[in-house]
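Chemist: In my numbering, the protein residues as written are 63 to 220.
Ideal Cβ placement from N, Cα and C applies to all residues, glycine included.
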Amino acid sequence: MNPKLNLDKLDLQIIQEMMEDAEISYADLGKKLFVSGGTIHVRIKKLEEMGVVKGKKLSVDLKELGYDVIAFIGIYLEKSSLYDSVAKELKKVPQIVRLNYTTGNYSMFAEVVCKDIKQLRYVLHDELQKIKGIERTETFISLEESLVRSVVVSPTSE
């Protein structure tokens, strides 16, 4: 944890509870943590201003909306110095939902969500292949997502 943040136990409890249920009212969260709803409101505002809390997102089942293909793409760069320019271009591909600069076999690792295999083919063949600096890619199609969870935040490293 960044020592400059100066987060206390209550801040971490608020973060943990909100990661589990962002819809909980400040009043209900206050009752659960034995403080006022106003205190929760002030703390959340402080956490947002510090950049610890970056908004609240709606969790959506993408399969229910017809997005049936999740793939992970290992990206080999011609040179690691091309990372910034390649990342800038990859951010323009709307099907890429997560992008990481990595160690190991790949220079970058991307998560892609598509409606079907045809759209994945388009992303791989028409979008990624035109980006200068990408040497080659390796694609892994997810057959099932078995686990999604947030990290448990705690005042001490356990």
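Are the stretch 134-147 and the stretch 192-200 touching, with three or more C-beta to C-beta distances below 8 Å?
Modeler: Because the criterion of three Cβ pairs below 8 Å is met, the stretch 134-147 and the stretch 192-200 touch.
Chemist: With DSSP run on the structure shown, which of helix, strand or coil describes GLU82?
Modeler: Note: GLU82 maps to helix in three-state DSSP.
Chemist: Do you know how far the Cα of ARG183 is from the Cα of SER216?
Modeler: The alpha-carbon atoms of SER216 and ARG183 are separated by roughly 42 Å.
Chemist: Quick one: using the 10 Å Cβ neighbour count with 16 as the cut-off for buried, is LEU69 buried or exposed?
Modeler: Buried is the call here.
Chemist: Looking only at its chain, what residues have a beta carbon closer than 8 Å to the beta carbon of MET112, apart from the 5 residues adjacent to it on each side?
Modeler: If we look at MET112 and ignore the five residues flanking it on each side, its Cβ neighbours are LEU67.
Chemist: Leaving aside the five residues before and after ARG160 along the sequence, list all residues of the same chain whose C-beta is less than 8 Å from its C-beta, in chain order.
Modeler: ALA172, GLU173.
Chemist: Would you give the residue range spanned by the alpha helix (DSSP H) that VAL148 belongs to?
Modeler: Where VAL148 is concerned, the enclosing alpha helix (DSSP H) stretches over 145-152.
Chemist: Under the rule that 16 or more other beta-carbon atoms within 10 Å means buried, what is ALA149, buried or exposed?
Modeler: Under this definition ALA149 is a buried residue.
Chemist: Give me, in chain order, the residues of the same chain whose beta-carbon lies closer than 6 Å to that of ALA84; leave out the 5 immediate sequence neighbours on both sides.
Modeler: Cβ neighbours of ALA84 beyond the five flanking positions: LYS118.
Chemist: How big is the Cα-Cα spacing for GLU189 and GLU200?
Modeler: Distance between the alpha carbons of GLU189 and GLU200 is about 14 Å.
Chemist: Can you list, in chain order, the residues of its chain with a C-beta nearer than 6 Å to that of ILE132? Leave out the 5 residues immediately preceding and following it.
Modeler: Correct list, in chain order: VAL175, SER204.
Chemist: With 16 as the cutoff for other CB atoms within 10 Å, does ASP178 come out buried or exposed?
Modeler: Result: exposed.
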